[in-house]
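Asker: In numbering that gives the first Met the number 0, the protein residues as written are 0 to 127.
Ideal placement from N, C-alpha and C gives every residue a C-beta, glycine not left out.
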Amino acid sequence: MELKDIKAKDIMVTDLLTIDPHEKVAAADLLMVRNSIGGLPVIENEKLIGILTQKDIMLSRFSISVGGLQVEDLMTRNPIKIRPETTLEEIIELMLTKNVERLPVIKEEKLVGLVMHGQILKKIHEVL
């Protein structure tokens, strides 16, 4: 396989932890820490409505106490989404221009995976 042939479906993580928008931020933070992950897709009625990252939580701690807030208060709404057929080149371009480290993969309006910069590096290393 060549780099130009790699698609989102080839590098996405499919065993995902997600969170409800009405959960407490403290619970989301604990879930991320315990599972060594940097972000959680936020799902409501089986649809992706946002992403909450460790960065969101850390940045908000400078101005407010986040423990009692709900996930929906801090999440990034309407995150950039990609399809399983999105090319590696398009994924890298989006990550660089939009300054994001993870992209949700959507098929038929449902979250089917997540592409993170770590998976991209692993795949490039495999191919090289």
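Does the distance from the C-beta atom of Gly38 to that of Pro20 stay below 8 Å?
Answerer: No, the pair does not count as a contact, with Cβ atoms beyond the cut-off.
Asker: May I have a chain-ordered list of the beta strand (DSSP E) segments no shorter than 3 residues that lie completely inside the region 46 to 124?
Answerer: With a minimum length of 3 residues, the continuous beta strand (DSSP E) runs that stay inside the region 46 to 124 are 46 to 52, 101 to 106, 109 to 115.
Asker: Which residues in the same chain have their Cβ closer than 8 Å to the Cβ of Lys106, if we skip the five residues on either side of it in sequence?
Answerer: Correct list, in chain order: Arg82, Pro83.
Asker: For Leu15, does the three-state DSSP call read helix, strand or coil?
Answerer: Coil.
Asker: What residues match up with Ile42 in a beta bridge as DSSP calls it?
Answerer: Paired residue(s): Leu47.
Asker: Given this structure, state the Cα-to-Cα distance separating Arg101 from Met115, to the nearest angstrom.
Answerer: Between Arg101 and Met115, the C-alpha separation is close to 4 Å.
Asker: Using only CA atoms, which one of Val12, Ile5, Asp4, Lys6 lies nearest to His111?
Answerer: The question names His, but residue 111 is Val in the sequence shown. When each option's Cα is compared against that of Val111, the closest is Val12.
Asker: What does Lys23 pair with, by DSSP beta-bridge criteria?
Answerer: BP columns for Lys23 point to Gln69.
Asker: What number of angstroms, rounded off, separates the C-alpha of Glu125 from the C-alpha of Gly117?
Answerer: The alpha-carbon atoms of Glu125 and Gly117 are separated by roughly 12 Å.
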